[in-house]
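Note that the working numbering has the sequence shown beginning at 1200, numbered continuously upward.
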Amino acid sequence: MRLHVVPHLGGMPLNKVSAAELRAYVVKLESSCSPQYARSILSALSSVLETAVDDKRIARNPMRSKSVRWPKLPDERREAWPEATARKVRDEISQRHRIAVVLGLGCGLRQGEVFGLSLDDIDYGRGVLNIRRQVQILNGRKYYTLPKGGKTRVVDMPRSVADELRKHVRTYPGSEIELPWGGPESDRERKKFSLVLTTKYGNAIAANTWNTEIWKPALARAGVIKPQVKGAKRWQWQAAPKDGFHVLRHTYASLVLEAGESVVTLAKWLGHSSPTITLDHYAHFMPEAGKKGRRAIDNLLGERGEAAGANSPDSPQGPP
């Protein structure tokens, strides 16, 4: 709302927010945001307008007009890395930042959640991570905020991840870092956390710098992208839209589903509001999808099922 709605519609009276205004606004969003993000923004705006209807400030929600068409989601499947690629990137990234790849691959954490993980969030006894915050950056200023969707969650921590965390913390003790809570302008409320992953100078990590100086060099060394090329003004990395940090989360989901884990459980670990979202994103990672159902029907109607039924004491004998 702060970044995308208020600058365009914030000064407009509620009853002036018409379908025509919204159609023009959707066009602006489509030119500057991904379809997924644009739909999230429009969903937040629609909720505000729906509340205005409930409070009798406006007669109807203009976002519900048929002429206001939300951006279509691309028909793209989430792609995971092969296991060999994931291991190679983990091993090629610098030792200080290796733990970020481990947390992405091993627990499905988002990038900001990795940067915001504190020592107090690790529960070695229960084998879980408490995901309570993320580090974001806006206009060059870093701040703490809740995880995506404003929801905290508990994530399973495999033993291999716990071992890597112990080793990392021994080698790179966490730094206590104070940042604004909720946004870069929220200096009235500042909080301190002992972050697991920091820069070598003991600062919170900025995603844009990390992506350019840490992530992409590791991708190049692992052979995922080509080395730097010289641009008009400076050296630039090859674009890698499908090989951003989020691919680690996709790889995690693929491994967990292929191992037969429940979609409901995975949805909780990923922080999805519904297992339906998890299925929409990752159903193609379930190689057994359909096979269990076929086996059940075959057991009922196939030869073995018919033979079992014929031998049942309740099976009809027919006329003598």
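C-beta: ideal position from N, C-alpha, C; glycine also. Predicted, not measured: the structure shown is a model, and the values here were computed from it.
To the nearest angstrom, how far is the alpha carbon of residue i from that of residue j?
i        : j        : result
Glu-1388 : Leu-1316 : 19 Å
Ser-1231 : Tyr-1451 : 29 Å
Lys-1390 : Glu-1377 : 5 Å
Trp-1380 : Asn-1498 : 57 Å
Val-1327 : Arg-1297 : 19 Å
Ala-1448 : Glu-1229 : Position check: residue 1448 holds Arg in this sequence, whereas Ala was assumed. Computed Cα separation, rounded: 25 Å.
Gln-1294 : Lys-1425 : 22 Å
Ser-1359 : Pro-1440 : 29 Å
Val-1455 : Leu-1248 : 39 Å
Ile-1257 : Arg-1263 : 13 Å
His-1471 : Ala-1251 : 27 Å
Using only alpha-carbon positions, find the residue among the options that is nearest to residue i.
i        : options                                : result
Glu-1412 : Gly-1401, Gly-1422, Gln-1427           : Gln-1427
Glu-1363 : Ala-1417, Trp-1436, Arg-1289, Ala-1419 : Arg-1289
Ile-1404 : Ala-1299, Lys-1215, Val-1226           : Ala-1299
Leu-1304 : Arg-1259, Asp-1319, Gln-1333, Ala-1361 : Ala-1361
Gln-1310 : Val-1334, Ile-1292, Arg-1222, Leu-1328 : Val-1334
Ile-1336 : Tyr-1323, Gly-1349, Pro-1357, Phe-1314 : Phe-1314
Thr-1344 : Pro-1357, Asp-1319, Glu-1312           : Glu-1312
Pro-1416 : Thr-1475, Arg-1325, Ile-1292           : Ile-1292
Pro-1261 : Cys-1306, Asp-1254, Glu-1278, Asn-1214 : Asn-1214
Lys-1341 : Cys-1306, His-1367, Asn-1402           : Asn-1402
Ala-1482 : Glu-1460, Gln-1294, Gly-1501           : Glu-1460
Tyr-1323 : Thr-1464, Val-1353, Thr-1398, Pro-1440 : Val-1353
His-1367 : Ile-1330, Val-1301, Val-1463           : Val-1301
Glu-1278 : Leu-1244, Ser-1453, Val-1463, Arg-1369 : Ser-1453
Ile-1321 : Ser-1472, Ser-1393, Ala-1438           : Ser-1393
Grouping DSSP H, G and I as helix and E and B as strand, with all else coil, what is residue i?
i        : result
Ala-1314 : Correcting the residue identity first, residue 1314 is Phe in this sequence and not Ala. Helix, per DSSP.
Glu-1363 : helix
Asn-1407 : helix
Phe-1484 : helix
Trp-1436 : coil
Arg-1309 : coil
Val-1423 : coil
Pro-1206 : helix
Pro-1416 : helix
Leu-1345 : coil
Ser-1453 : helix
Asp-1320 : helix
Val-1226 : helix
Arg-1297 : helix
Leu-1465 : helix
Ile-1376 : strand
Pro-1519 : Reliability of the predicted coordinates at Pro-1519 is poor, the pLDDT of 47 falling under 50, and no value is obtained from them.
Ser-1231 : helix
Lys-1215 : helix
Here's a check: name, in chain order, each residue in its chain whose Cβ is nearer than 6 Å to the Cβ of residue i, leaving out the five neighbours to either side.
i        : result
His-1203 : Ile-1240
Apart from the five residues on each side of it in sequence, which residues of its chain come closer than 7 Å, Cβ to Cβ, to residue i?
i        : result
Lys-1271 : Pro-1234
Trp-1280 : Val-1446, Thr-1450
Asn-1338 : Pro-1383
Pro-1519 : Per-residue confidence for Pro-1519 stands at a pLDDT of 47, beneath the threshold of 50, marking its modelled position as unreliable; no derived number is given.
Spatial neighbours of residue i within its chain, please: C-beta separation below 8 Å, excluding the five flanking residues on both sides.
i        : result
Tyr-1224 : His-1207, Leu-1208
Arg-1238 : Trp-1269, Pro-1270, Leu-1272
Gly-1422 : Lys-1287
Val-1476 : Just to set this straight, residue 1476 is Ile in the shown sequence, not Val. Here the set comprises Ala-1466.
Ala-1218 : Pro-1261, Ser-1264, Ser-1266, Val-1267
So does residue i have its beta carbon nearer than 7 Å to some heavy atom of the ligand GDP?
i        : result
His-1471 : Of the ligands one can find in the structure shown there are none, so the ligand GDP has no counterpart to examine.
Can you find a C-beta in chain B that's less than 8 Å from the C-beta of residue i?
i        : result
Val-1463 : The chain labelled as chain B is not found in the depicted structure, where only one protein chain is given.
4-residue-minimum alpha helix (DSSP H) runs that sit fully inside the segment 1233-1289, ordered along the chain: 1234-1253
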